[in-house]
Amino acid sequence: MLLLGVWTLLALIPCPGAAEELFQVSVHPNEALVEFGHSLTVNCSTTCPDPGPSGIETFLKKTQLSKGSQWKEFLLEDITEDLVLQCFFSCAGEQKDTVLAITMYQPPEQVILDLQPEWVAVDEAFTVTCHVPSVAPLQSLTLTLLQGDQELHRKDFLSLSLVSQRAEVTATVRAHRDNDRRNFSCRAELDLSPHGGGLFHGSSATKQLRIFEFSQNPQIWVPSLLEVGKAEIVSCEVTRVFPAQEAVFRMFLEDQELSPFSSWREDAAWASATIQAMETGDQELTCLVSLGPVEQKTRKPVYVYSFPPPILEIEDAYPLAGTDVNVTCSGHVLTSPSPTLRLQGSLNHSAPGKPAWLLFTAREEDDGRTLSCEASLEVQGQRLVRTTESQLHVLYKPRFQESRCPGNQIWVEGMHQMLACIPEGNPTPVLVCVWNGMIFDLDVPQKATQNHTGTYCCTATNPLGSVSKDITIIVQGLPEGISSSTIFIIIIFTLGMAVITVALYLNYQPCKGNSRKRMHRPREQSKGEESQFSDIRAEECHAHLC
């Protein structure tokens, strides 16, 4: 019995090394997801009752925070990549370890979109590129290119084999007009749910694409000849241009920049400017049109000439009838080269650069005659003509023409009548008619009676002289049997003749004011003379009738 108890006691006492052979090593956490640059607290423990040397094997900076008989706690700092660390314990001369896999992640905080080029010609290809400079793990990343809200291209990195590959996606697109001003962007998604994490989003700044079409050269519309100092409108036009409203025009005459006003419609744009050349000779007009990155230029030569109107000189523009008139036609001093001159009415053909002249005797019929001086110039194969005109005013005494002042006039009794008499003369004569010793009112129609029958003495007077004429008026009664309609027609005809007579008299004033200046008589003096002439002629006519 004593021997049995000893064996039982020995069986209950553990053998040395049995516990050590059964010890375990564990680490907490058993899996870690750490953001780039952050720290991680790791706890290593064992079941060994009396552990020996222990610790963590890692290249990271580590700090032991605390420990117990069977555990140790460490702080791992500045984790910048994925790694696997070992936690080890030794027990009774035997060492065991376990591993901890640490996954480092970095959210897509910076997403960069690049458009190449920013201005693209129609039907040409452009590239949209998106990349994320810093993101991890790359296998959890998805990049999506967007055109507006529409998905253009998507790329994930699940099959990534090279760690050094960039987080980048590229798409090549052919440009169309409807792509103009479209917004492009890039969206990045980092899905860490397989690692026990969340979903991170990042987006790029929006970029706008510009599409253009500009393959035609501008066309300039400008006269080949420009007159110095004269304003001309010039224009420049481009067609098949898009967007036409954004075409920018610049126009130059030599070194002088013009100020164009531009317009557009559909696929055409144009600009107009006022040009005023101040120097003669060959010059060049330039039109420069730019749209986006493209600039087109067109030049056109112009020739600037100087051709002022010729000079027409009349030695005396208000000659007396019967005196000589000397007229000269000459070119302007600024005209270059010298023009060929022609004077209307002259039989002489002057040589180029030589003046033309005309000498004639003024007649009464020349009053109101237009004299014309014509200059012609050959410039760059084109014949140019300039004309200067001037009116001649011949001064002559009053006169009566039978056609304008009939000596015998018949009035119809009971009708309103006016004495028809328009004298000729320059300056315009003053007409005074005397009847029965009294001045007859020529401006107011008179109702004809038998008392108006008689002879009227009419005198026309101007500063050069006077002339008189007797006019006989016979008043006839209405024949029997004339209807009222016939009387009405006669009244209308008579009134029409009266209106025509007054109009002719008022309009026949070729140079009343100027002729008075020519004769050096003040207005007041002329009125006084007219009054004196009226009184004198009234007396003469009265004596004549008597």
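Mapped onto mature numbering (1 follows the signal peptide of the UniProt record, and there is no 0), the consecutive letters of the sequence shown carry residue numbers -19 to -1, 1 to 527.
Positions of the beta carbon are idealized from the N, C-alpha and C atoms, including for glycine.
Computed from a prediction, not measured in an experiment: that's the story for all the values here.
Would you mind sorting Met85 into buried or exposed? The rule is 16 or more other CB atoms within 10 Å of its CB.
Here residue 85 is taken as the residue at index 104 of the sequence shown, counted from 1. Met85 comes out buried.
Cβ atoms of Leu46 and Leu66: under 7 Å apart, would you say?
Here residue 66 refers to the residue found at position 85 when the sequence shown is read from its first residue. Here residue 46 refers to the residue found at position 65 when the sequence shown is read from its first residue. No, the Cβ-Cβ distance between Leu66 and Leu46 is not below 7 Å.
Using 7 Å as the threshold, is the C-beta distance between Thr27 and Val6 below it?
Position 46 of the sequence shown, counting from 1, holds the residue named residue 27. Position 25 of the sequence shown, counting from 1, holds the residue named residue 6. Contact: yes.
Do three or more CB pairs link the segment 422 to 433 to the segment 386 to 398 at distances below 8 Å?
yes
Taking all protein chains shown into account, decide if Phe70 is buried (16 or more other Cβ within 10 angstroms of its Cβ) or exposed.
For the purposes of this step, residue 70 is taken as residue 89 along the sequence shown, with counting starting at 1. When all chains shown are included, Phe70 counts as buried.
Give me whichever residues DSSP pairs with Glu132 in a beta bridge.
As a working mapping, residue 132 is identified with position 151 in the sequence shown. Leu127.
Report back the beta-carbon spacing between Gln361 and Tyr284 to the nearest angstrom; my notes put them in contact at under 8 Å.
For the purposes of this step, residue 361 is taken as the residue at position 380 of the sequence shown. For the purposes of this step, residue 284 is taken as the residue at position 303 of the sequence shown. That pair is a contact at about 5 Å.
My output table needs one value for Pro290: the three-state DSSP class, helix, strand or coil.
To locate residue 290, count along the sequence shown from 1; it is residue 309. Pro290: coil per DSSP, three-state reduction.
If contacts are defined as beta-carbon pairs under 8 Å, then Gly406 and Tyr377 qualify, I think. What distance do you get, rounded to the angstrom?
The residue you call residue 406 lines up with position 425 of the sequence shown. The residue you call residue 377 lines up with position 396 of the sequence shown. That belief holds up - the Cβ atoms of Gly406 and Tyr377 are roughly 6 Å apart, short of 8 Å.
Along the chain, which unbroken stretches of the beta strand (DSSP E) at least 3 residues long are found entirely within the segment 201 to 287?
206 to 208, 213 to 219, 229 to 234, 242 to 246, 249 to 256, 262 to 272 and 275 to 286
Compare the C-alpha of Val415 against each of Pro379, Ser384, Ile454 and Glu383 and name the closest.
Translated into positions along the sequence shown, residue 415 becomes position 434. Of the listed residues, the one whose Cα sits closest to Val415 is Ile454.
Quick one: give me the first and last residue of the beta strand (DSSP E) that Ser35 is part of.
Within the sequence shown, numbered from 1, the residue matching residue 35 stands at position 54. Per DSSP, Ser35 belongs to the beta strand (DSSP E) from Ser35 to Glu38.
So the candidates are Val23, Leu423, Gly458 and Ile60; which of them puts its Cα closest to the Cα of Phe17?
On the sequence shown, position 36 is the one that residue 17 refers to. Considering only alpha carbons, the answer is Ile60.
With the cut-off set at 7 Å, would you say Thr125 and Arg168 are in Cβ contact?
Here residue 125 refers to the residue found at position 144 of the sequence shown. Here residue 168 refers to the residue found at position 187 of the sequence shown. In contact: Thr125 and Arg168 (Cβ atoms closer than 7 Å).
Distance between Ser311 and Gln325 (C-alpha atoms, nearest Å)
Taking the sequence shown and counting its residues from 1, one reaches residue 325 at position 344. Taking the sequence shown and counting its residues from 1, one reaches residue 311 at position 330. When rounded, the distance between both Cα atoms is 13 Å.
Leaving out five residues on either side along the sequence, give the residues of the same chain with a beta carbon under 7 Å from the beta carbon of Asp159.
Counting from 1 along the sequence shown, the entry for residue 159 is found at position 178. Counting only Cβ-Cβ distances below 7 Å, and skipping sequence neighbours, we find nothing.
In angstroms, rounded to a whole number, what distance separates the CA positions of Gln19 and Ala117?
For the purposes of this step, residue 19 is taken as residue 38 along the sequence shown, with counting starting at 1. For the purposes of this step, residue 117 is taken as residue 136 along the sequence shown, with counting starting at 1. For clarity, residue 19 is His in the given sequence; the question names Gln instead. Taking the straight line joining both Cα atoms gives about 14 Å.
Opposing strand residues paired with Thr84 [DSSP bridges]
Residue 84 sits at position 103 when you count from the first residue of the sequence shown. Its beta-bridge partners are Leu14.
Quick check: the segment 294 to 313 against the segment 224 to 234, are there 3 or more CB pairs under 8 Å?
no
Three-way DSSP call (helix, strand, coil) for Glu54 in this model:
Reading the sequence shown from its first residue, position 73 is the one you call residue 54. Three-state result, Glu54: strand.
Quick one: using the 10 Å Cβ neighbour count with 16 as the cut-off for buried, is Leu373 buried or exposed?
By one-based count along the sequence shown, residue 373 stands at place 392. Classification for Leu373: buried.
Taking Ser327 as part of the beta strand (DSSP E), name the residues at either end of that continuous run.
The residue you call residue 327 lines up with position 346 of the sequence shown. Per DSSP, Ser327 belongs to no beta strand (DSSP E) and is neither H nor E.
In angstroms, rounded to a whole number, what distance separates the CA positions of Cys354 and Arg385?
Here the question's residue 354 lines up with position 373 in the sequence shown. Here the question's residue 385 lines up with position 404 in the sequence shown. If you take the alpha carbons of Cys354 and Arg385, they lie about 34 Å apart.
Segment limits, beta strand (DSSP E) that includes Ile192
On the sequence shown, position 211 is the one that residue 192 refers to. Ile192 -> beta strand (DSSP E) spans Lys188 to Phe195.
Could you spell out where the beta strand (DSSP E) holding Ile391 opens and where it closes?
On the sequence shown, position 410 is the one that residue 391 refers to. Ile391 -> beta strand (DSSP E) spans Asn389 to Val393.
Quick check on the burial criterion: 16 or more other C-beta atoms within 10 angstroms. Buried or exposed for Ser319?
Here residue 319 is taken as the residue at index 338 of the sequence shown, counted from 1. Exposed, by the Cβ-count rule.
Which of the three DSSP states is assigned to Asn198 in this structure?
In the sequence shown, residue 198 corresponds to position 217, counting from 1. Coil.
Minimum C-alpha distance to Leu127 - residue among Ser121, Lys136, Gln363 and Ile83:
By one-based count along the sequence shown, residue 127 stands at place 146. The shortest Cα separation from Leu127 among Ser121, Lys136, Gln363 and Ile83 belongs to Lys136.
Alpha carbon of Asn432 to alpha carbon of Tyr299, nearest angstrom
Here residue 432 corresponds to residue number 451 of the sequence shown, with the count starting at 1. Here residue 299 corresponds to residue number 318 of the sequence shown, with the count starting at 1. Going from the Cα of Asn432 to the Cα of Tyr299 covers about 45 Å.
So Ala337 and Arg323 are in contact, right, with Cβ under 8 Å, and what is the actual spacing, rounded?
Position 356 of the sequence shown, counted from the first residue, corresponds to residue 337. Position 342 of the sequence shown, counted from the first residue, corresponds to residue 323. Right, the Cβ-Cβ distance comes to about 6 Å (below 8 Å), so this counts as a contact.
Taking 6 Å as the limit between beta carbons, can you name the residues of its chain near Lys450, skipping five residues before and five after?
Numbered from its first residue, the sequence shown carries residue 450 at position 469. Cβ neighbours of Lys450 beyond the five flanking positions: Phe381 and Cys439.
Cα-Cα separation, Val270 to Leu207:
The sequence position of residue 270 within the sequence shown is 289, counting from 1. The sequence position of residue 207 within the sequence shown is 226, counting from 1. Their Cα atoms are separated by approximately 23 Å.
Tell me the rounded alpha-carbon separation between Ile93 and Cys111.
Residue 93 sits at position 112 when you count from the first residue of the sequence shown. Residue 111 sits at position 130 when you count from the first residue of the sequence shown. Between Ile93 and Cys111, the C-alpha separation is close to 6 Å.
So within the segment 352 to 427, which uninterrupted alpha helix (DSSP H) runs reach at least 4 residues, ignoring any that extend past its ends?
none
State the start and end residues of the unbroken beta strand (DSSP E) segment that holds Gly435.
The sequence position of residue 435 within the sequence shown is 454, counting from 1. Taken as a continuous stretch (DSSP letters only), the beta strand (DSSP E) holding Gly435 covers Gly435 to Asn443.
In angstroms with no decimal places, state the Cα-to-Cα distance between Gln200 and Ser240.
Taking the sequence shown and counting its residues from 1, one reaches residue 200 at position 219. Taking the sequence shown and counting its residues from 1, one reaches residue 240 at position 259. Gln200 and Ser240: Cα-Cα distance of roughly 17 Å.
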